[in-house]
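Engineer:
Numbering (the working numbering), first residue to last: 687 to 1120.
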């Protein structure tokens, strides 16, 4: 804490339990909030530039390296965008297996966030290690759920981190039916554990907070949208994925190496992620997940960001139940991938990463070389919304101590499970107060 020229500055040098490196700057003068900035200072990782000049066949493997927690989302979005460009339509067996791989990713990612990254906030503890000392069974359940998700990812994807099996047109290799059935008992346990997870998070005392969100997510007429659908919003938006860039605008901000996304016609923020998905797709949840959502005590649609932990838990139930269904109906794709003819083309796709809507667009040459690559991740879409939430939160807590304000801001940011990069490192918070 320092004071210069009548402006009080409070600094928190590191915030654990977020993924990547960023800073938060808060300015208060004469008791009034002046500015809030989510300063993402991590160096740009240049994946879009890396992709230019590479063969389209390399794209799923390169994009899988963008994130160690949600590689399937990047891999799947890139493969489907190129398939869109080349007018490839994988058959139902390939699509079902891809959905199962996506379920595995949501399972391990949601379990990680609920139990290891956010749960300590509700017990006043600094880490999952501290929580494990007091609540060992709770943390053990979260670790086991994550492990099962990783096992399913490894079986389908070839490995649990940066999978290698997905290719343009399908898969390089697919699992045998008996290999998937061998995991069925583990997934039955996971389903029961996920139901217990909903009960656990529903028992937590969530702070009272409501905002005027425009929720944005994929929607599908026949299923809970994960890797297919059209884009809808709580403000009445309903567009095909190809119109994404007409409606949503990425913009540079001076205080961040991450772009901010806004609604192009009015410059307003919007919300992507589990809370938006359930608000917009409640009726398409699996039976057990729908019942769990209704019994959670959360009034859907919900516009309290702290209820995001409940939304993740409900989705955990959904992917466990959906995984069992997909395994029971599994038919091995034959062939595992479709042939295609390379030509000059452009295509896009969007899927639902654990943290929200993920958009990819590629232009390829007649030699199959990537000329343009555009990737819009969910965290960059939520950056402006996080800042807006902080602007709503901070004026009501300015009478608290600096440490209490910082703690409240950290907890609010963690609701979004921001995936700033592949690593979980630090967020810096600075507050200027006169």
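Cβ coordinates follow ideal geometry from the N, Cα and C atoms, glycine included.
#1: Under the rule that 16 or more other beta-carbon atoms within 10 Å means buried, what is residue 832, buried or exposed?
#2: Please classify residue 753: does DSSP put it in a helix, a strand, or coil?
#3: Mind checking which residues open and close the beta strand (DSSP E) that includes residue 891?
#4: Let me check understanding here. Comparing Cα to Cα, which of 962, 880, 895, 938 lies closest to residue 918?
#5: Looking at the strands, I want to know which residues DSSP matches up with residue 829.
#6: Between which two residues does the beta strand (DSSP E) containing residue 937 stretch?
#7: So, using beta-carbon positions, are residue 1022 and residue 857 closer together than 8 Å?
#8: Are the CB atoms of residue 808 and residue 890 within a distance shorter than 8 Å?
#9: Going by alpha carbons, who is nearest to residue 1060 out of 865, 1001, 928, 713?
#10: Report buried or exposed for residue 869, applying the criterion of at least 16 other Cβ atoms within 10 angstroms of its Cβ.
#11: Please state whether DSSP places residue 1011 in a helix, a strand or coil.
#12: Does DSSP classify residue 909 as helix, strand or coil?
#13: May I have the straight-line CA-CA distance separating residue 1113 from residue 862, to the nearest angstrom?
#14: Determine contact between the stretch 769 to 776 and the stretch 803 to 818, defined as no fewer than three beta-carbon pairs at a distance below 8 Å.
#15: For a quick check, are the C-beta atoms of residue 1040 and residue 796 less than 8 Å apart?
#16: Out of 715, 1006, 710, point me to the one whose CA is closest to residue 693's CA.
#17: In this structure, does DSSP put residue 720 in helix, strand or coil?
#18: Please list, in chain order, all residues of the same chain as residue 799 whose beta carbon is under 7 Å from its beta carbon, the five residues on each side excluded.
Structural biologist: Answer, in terms of the structure:
#1: That one is buried.
#2: Residue state, collapsed to three classes: coil.
#3: Residue 891 -> no beta strand (DSSP E), and no H or E assigned at all.
#4: It is 962 whose Cα lies nearest to the Cα of residue 918.
#5: DSSP output for residue 829 lists no bridge partner at all.
#6: Start and end: 934 to 937.
#7: One thing to note: residue 1022 has its Cβ within 8 Å of the Cβ of residue 857.
#8: Yes, the pair counts as a contact, with Cβ atoms nearer than the cut-off.
#9: For residue 1060, the nearest C-alpha among the options comes from 928.
#10: With at least 16 other beta carbons inside 10 angstroms of its own, residue 869 counts as buried.
#11: If DSSP states are grouped into helix, strand and coil, residue 1011 belongs with the helices.
#12: Coil, per DSSP.
#13: Its pLDDT being 43, under 50, residue 1113 is placed unreliably by the model, and nothing is read from it.
#14: Cβ pair count under 8 Å is below three, so no.
#15: Less than 8 Å separates the beta-carbon of residue 1040 from that of residue 796.
#16: Closest option to residue 693, Cα to Cα, is 715.
#17: It is a strand residue.
#18: These residues qualify, in order along the chain: 998, 1103.
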